[in-house]
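Numbering (my numbering), first residue to last: 1114 to 1365. To keep things clear, I will list the structure first and then write my remarks on it.
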Ligand SMILES: [Zn+2]
């Protein structure tokens, strides 16, 4: 086994553990004060990419960095399993799916692992921030990651969010059972699943790169009261600030 392969495997192990673990491991980090995003890269040697990476997320998706690809393939969604639990990992609220749901991108089948939330949104579209952004995290066995981002804009109360918020644990590290059917998950997603695509990173330490970002162009709604409820749980925003786009382009 060559060194490059070992490095890749190590990176994969790090990013997967941070994405998949319930409570997270390693050096403590947060969204405010000394442990806040501006210091993530210095908190631990493992978090270096948060500071030195050139393909970091989130980004502001503006027309000046967007290129048209006439043949951007459709994401094939196959969400056919239920949600069975919800956890508060201290950084966000995350719902976990029973095994078997996938998306297909680049001819790769990405199993759906979990769905979690940031308020306000992390990515922006033409400088517009949304009250909430949801991330569907997909990971293959060999550690390739794909995130589908869904924006929530101010509007009607969201019945899916209502179910999650009712059961979300108020204490970090706690898990509750939560039953939401695959049909309800599919109903949350817009019918028109056109999207922006770019290369990015995890938006939390260790900020591992090589993540396929797929930001849906169509939104759903959340009521102001629901956004407030989420904010009150964590007492502060849980969005990483916008990162430099550098040499990247967004494909639409
Ligand atoms: Zn996220």
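All residues carry an ideal CB built from backbone N, CA and C; glycine is no exception. No experiment lies behind these values; they were computed from the predicted model shown.
Shown here for residue 1165: not one same chain residue has a beta carbon closer than 6 Å to its own, the five before and five after excluded.
A direct Cα-Cα distance of roughly 10 Å separates residue 1313 from residue 1259.
Counting C-beta pairs with one atom in each stretch, the region 1196-1208 and the region 1283-1303 have three or more that are closer than 8 Å, which means they touch. Residue 1345 and residue 1183 have their alpha carbons spaced roughly 43 Å apart. The beta carbon of residue 1283 sits closer than 8 Å to the beta carbons of 1201, 1346 from its chain, once the five residues preceding and following it are set aside; these are given in chain order.
By the CB criterion at 8 Å, residue 1211 and residue 1191 fall outside the cutoff.
Three or more beta-carbon pairs drawn from the region 1317-1336 and the region 1251-1265 are found closer than 8 Å, and the two stretches are therefore classed as touching.
When only Cα atoms are considered, residue 1351 and residue 1231 end up about 5 Å apart.
In terms of Cα proximity to residue 1161, the closest of 1215, 1321, 1265, 1354 is 1321. Counting the other CB atoms within 10 Å of its CB gives residue 1185 a total below 16, which places it among the exposed residues. By the CB criterion at 8 Å, residue 1235 and residue 1340 fall outside the cutoff. Within the chosen limit of 7 Å, ligand 1 reaches the beta carbon of residue 1316 through at least one heavy atom. Within the chosen limit of 7 Å, ligand 1 does not reach the beta carbon of residue 1251 with any heavy atom. Counting C-beta pairs with one atom in each stretch, the region 1142-1162 and the region 1290-1310 have fewer than three that are closer than 8 Å, which means they do not touch. Nearest neighbour of residue 1144 by Cα position, chosen from 1353, 1361, 1362, turns out to be 1353. Pairing residue 1173 with residue 1242, the inter-Cα distance amounts to about 9 Å. The beta carbons of residue 1239 and residue 1334 sit no closer together than 8 Å. Just so you know, the alpha carbons of residue 1266 and residue 1245 end up roughly 7 Å apart. Taking a C-beta distance under 8 Å as the contact criterion, residue 1163 and residue 1272 do not qualify as a contact pair. Straight-line measurement puts the Cα of residue 1214 at about 30 Å from the Cα of residue 1355.
If you check the CB distance, residue 1225 and residue 1251 come in under 8 Å. Following the DSSP letters along the chain, one finds residue 1287 in no beta strand (DSSP E), marked with neither H nor E.
Taking the Cα of residue 1297 as reference, the smallest distance to any Cα among 1140, 1169, 1193 is reached at 1193.
Proximity to residue 1348 across 1203, 1279, 1179 peaks at 1203, based on C-alpha coordinates. Residue pairing by DSSP puts residue 1210 in a beta bridge opposite 1196.
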